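S.K.: Encoded as structure tokens, here's the structure I'll be asking about.
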Amino acid sequence: MIKENAIRQIVISAARKVLADVQQRSTEAIKALDQHDFLVALGALAGLEEQIRFVTVRLMVLREVKQIQKQKSDERRKHGGSKKSMG
Numbered sequence: 002m003i004k005e006n007a008i009r010q011i012v013i014s015a016a017r018k019v020l021a022d023v024q025q026r027s028t029e030a031i032k033a034l035d036q037h038d039f040l041v042a043l044g045a046l047a048g049l050e051e052q053i054r055f056v057t058v059r060l061m062v063l064r065e066v067k068q069i070q071k072q073k074s075d076e077r078r079k080h081g082g083s084k085k086s087m088g
């Protein structure tokens, strides 16, 4: 469980860093648009789709792992509960 928490924290930390970069670059793009500097705005936006996909995939994996853990926990409770009632 400790290992899983450490891995989860690493993924969350990486996602936060990417999202902070996306936020900063989006702010730069907005400033460039305000100055009608479309080339700079495009440059600031370049690669953001890939970074957002990076975060999305990792968060989807974390969600799936959590869902699987919940299912296993529910199954253990279900099976454990039926054993108690039988005994």
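With my numbering, the residue at position 8 of the sequence shown is 9, and numbering never jumps.
We put the CB at the ideal spot given by N, CA and C, even for glycine.
Keep in mind the model is a prediction, meaning the values are calculated, not measured.
Measure the C-alpha to C-alpha separation of Arg26 and Asp75 and round it to an integer number of angstroms.
M.R.: The residue you call residue 26 lines up with position 25 of the sequence shown. The residue you call residue 75 lines up with position 74 of the sequence shown. If I take the Cα positions, the gap works out to 43 Å.
S.K.: State the Cα-Cα distance for the pair Arg17 and Glu65, rounded to the nearest angstrom.
M.R.: Numbered from 1 along the sequence shown, position 16 holds the residue referred to as residue 17. Numbered from 1 along the sequence shown, position 64 holds the residue referred to as residue 65. Each residue's Cα considered, the two are about 19 Å apart.
S.K.: Taking the beta carbon of Ala7 as the centre, do at least 16 other beta carbons fall within 10 Å, making it buried, or is it exposed?
M.R.: Working through the sequence shown from its first residue, we reach residue 7 at position 6. By the 10 Å Cβ count, Ala7 comes out exposed.
S.K.: Is it buried or exposed, Ala47, if we count other Cβ atoms within 10 angstroms and call 16 or more buried?
M.R.: As a working mapping, residue 47 is identified with position 46 in the sequence shown. So Ala47 counts as exposed.
S.K.: So what does DSSP say about Gln36, is it helix, strand or coil?
M.R.: Against the sequence shown, residue 36 aligns to sequence position 35. It is coil, neither helix nor strand.
S.K.: To the nearest angstrom, how far is the alpha carbon of Gln72 from that of Arg78?
M.R.: Taking the sequence shown and counting its residues from 1, the one referred to as residue 72 is at position 71. Taking the sequence shown and counting its residues from 1, the one referred to as residue 78 is at position 77. For Gln72 and Arg78, the distance between alpha carbons rounds to 10 Å.
S.K.: Quick one: what does DSSP say Gly44 is sitting in, helix, strand or coil?
M.R.: Counting from 1 along the sequence shown, the entry for residue 44 is found at position 43. Three-state result, Gly44: helix.
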